[in-house]
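Top line first, the protein sequences correspond to chains A and B. Add 12 to a position in the first sequence, counting from 1, and you land on the number used in my numbering. Add 45 to a position in the second sequence, counting from 1, and you land on the number used in my numbering. Quick reminder that beta carbons are idealized off the backbone N, C-alpha and C, glycines included. Take a look at the structure set out below.
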Amino acid sequence: MQQFLDQASHNQVFHDEISKACSNNYYDWKITVLFYIAVHYLKALAAMRNINIGATHQEIEKSVNPDRPGASMKITKTAWRNYSQLYHSSRNARYEGIADIFVFESLMQIDHGYCLKYLDDFKKYVIGQGLPLN
Amino acid sequence: MEEQLTIKTSVDQKADQIKAILYLLQTHTEEFKAEIDRAYALLKVGEKTDLSNKIEKIMDDPLSNIFQISSGVDTQAKELIDRLVKSFLNFNKEIIRQAFRTKTFFNDLHYSIVLREDNLNNREKMFEFFEKYDLLEIADRFPVYLQFVPIELISKIPSSEEIIINN
Numbered sequence: 013m014q015q016f017l018d019q020a021s022h023n024q025v026f027h028d029e030i031s032k033a034c035s036n037n038y039y040d041w042k043i044t045v046l047f048y049i050a051v052h053y054l055k056a057l058a059a060m061r062n063i064n065i066g067a068t069h070q071e072i073e074k075s076v077n078p079d080r081p082g083a084s085m086k087i088t089k090t091a092w093r094n095y096s097q098l099y100h101s102s103r104n105a106r107y108e109g110i111a112d113i114f115v116f117e118s119l120m121q122i123d124h125g126y127c128l129k130y131l132d133d134f135k136k137y138v139i140g141q142g143l144p145l146n
Numbered sequence: 046m047e048e049q050l051t052i053k054t055s056v057d058q059k060a061d062q063i064k065a066i067l068y069l070l071q072t073h074t075e076e077f078k079a080e081i082d083r084a085y086a087l088l089k090v091g092e093k094t095d096l097s098n099k100i101e102k103i104m105d106d107p108l109s110n111i112f113q114i115s116s117g118v119d120t121q122a123k124e125l126i127d128r129l130v131k132s133f134l135n136f137n138k139e140i141i142r143q144a145f146r147t148k149t150f151f152n153d154l155h156y157s158i159v160l161r162e163d164n165l166n167n168r169e170k171m172f173e174f175f176e177k178y179d180l181l182e183i184a185d186r187f188p189v190y191l192q193f194v195p196i197e198l199i200s201k202i203p204s205s206e207e208i209i210i211n212n
């Protein structure tokens, strides 16, 4: 479990550092890092419960999505929505179809604000599940 | 009473969407059946239609045709998913100001959406699409992107079509 918490913490520090150093750009990267913090939280929760939820997004989705019959570690609907919204936002952030970098950065800046909220709510959920986070 | 009416309207809309999809499938099936009948009839008198030629090509060179078939299936699947997304957007028309299919190099299922009010609740309603879609096996093969865009930036995003929201 600790290794996943360390990775989450590592990513959080990285996010905060680039947010300080580059306060007006790289929102696509910031969003992607926020999503991976959530991934590590989930993996830590699974490790704490001795449940294998897999490594890829598809495997994790099948293991934790509350709408999946037989999911091995269903999380609450609200937690799933926060996680899923982070996932889809990070996918949009990695999408290369919008060529105008100014427009893309502007969109990502707005999405980043929402992702901070999604991750904050998701963090509250995993803490409520007993994950030892600061 | 008002709530009952709202529920009824919502149920009616869903029924209309199902009818539209069934009608589409029925039309496609009937057209395909007619094409098969024509090909069969003409082959009896020694004439080949496009369909007969395609079948013959597949028999002669099955490997190269697999790629063409796969590409055709992909195109049809994308068209169907595109219809699903449009239905979903219409279903949520009260929170959408404008919606566009984004013009992309690979013709991805990418949509630029201007919400009437960009807030957590409205974004959540849009993300509900993925609650159903992500359960389908096709979700990994045909990813759908819903990108929220402020009205002042929408003109700067190239689009292939505006999605008509029936208000």
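At least 8 Å separates the CB of B:GLU207 from every CB of chain A. The secondary-structure analysis by DSSP pairs B:SER132 with nothing; it has no beta-bridge partner.
Within the stretch 122-142 of chain A, the residues whose Cβ lies closer than 8 Å to some Cβ of chain B are ILE122, ASP123, TYR126, LYS129, listed in chain order. Around the beta carbon of A:ALA105, 16 or more other beta carbons sit within 10 angstroms, so the residue counts as buried. Every alpha helix (DSSP H) stretch that sits fully inside the stretch 168-205 of chain B and reaches 4 residues is listed by chain position as 183-186. Listed along chain A, the residues sitting closer than 8 Å to B:GLN192 by beta-carbon distance are ASN104, TYR107, ILE110, LEU119.
Proximity of B:PRO188 to chain A, defined by a Cβ-Cβ separation below 8 Å, is satisfied.
Taking the CA atoms as reference points, B:PHE187 sits about 24 Å from B:LEU160. Rounded to whole angstroms, the separation of the alpha carbons of B:ILE63 and B:GLN71 is 12 Å. Per DSSP, the continuous beta strand (DSSP E) segment holding B:ARG146 begins and ends at 141-147. With respect to chain A, the C-beta atom of B:LYS170 has no partner C-beta closer than 8 Å. Looking at the backbone, the Cα of B:VAL189 and that of B:LEU88 are separated by about 42 Å. Contact holds between the stretch 37-49 of chain A and the stretch 115-131 of chain A, because three or more Cβ pairs, one in each stretch, are under 8 Å apart. Residues of chain A whose Cβ lies closer than 7 Å to the Cβ of B:LYS201 are, in chain order, ASP112, VAL115. Across the set B:GLU197, B:LEU180, B:ASP185, B:GLN192, the C-alpha of B:LEU180 shows the shortest separation from the C-alpha of A:GLY82.
Residue burial annotation: A:HIS27 is buried, with at least 16 other C-beta atoms found within 10 angstroms of its C-beta.
Judged by DSSP secondary structure, B:VAL159 falls within the beta strand (DSSP E) whose first and last residues are 154-160.
When Cβ-Cβ separations below 8 Å define contact, B:THR94 makes no contact with chain A. A Cβ-Cβ distance of about 16 Å is found for the pair A:ASN77 and A:TYR130, leaving them out of contact under the 8 Å criterion.
Shortest Cα-Cα distance from B:ASP57 to any of B:GLN192, B:PHE136, B:GLU182, B:MET171 involves B:PHE136. Taking a contact to require three or more Cβ pairs closer than 8 Å, the stretch 136-148 of chain B and the stretch 199-212 of chain B qualify as touching.
Remark: three or more beta-carbon pairs, one from each stretch, lie closer than 8 Å, so the stretch 18-27 of chain A and the stretch 38-53 of chain A are flagged as touching.
Under the Cβ criterion of 8 Å, A:SER96 is counted among the residues facing chain B. For B:ASP179, the nearest beta carbon of chain A is closer than 8 Å to its own beta carbon. Interface annotation for the stretch 60-83 of chain A against chain B: GLN70, GLU73, ASN77, ASP79, ARG80, criterion Cβ-Cβ distance under 8 Å. By DSSP's assignment, B:GLU207 forms a beta bridge with B:PHE145.
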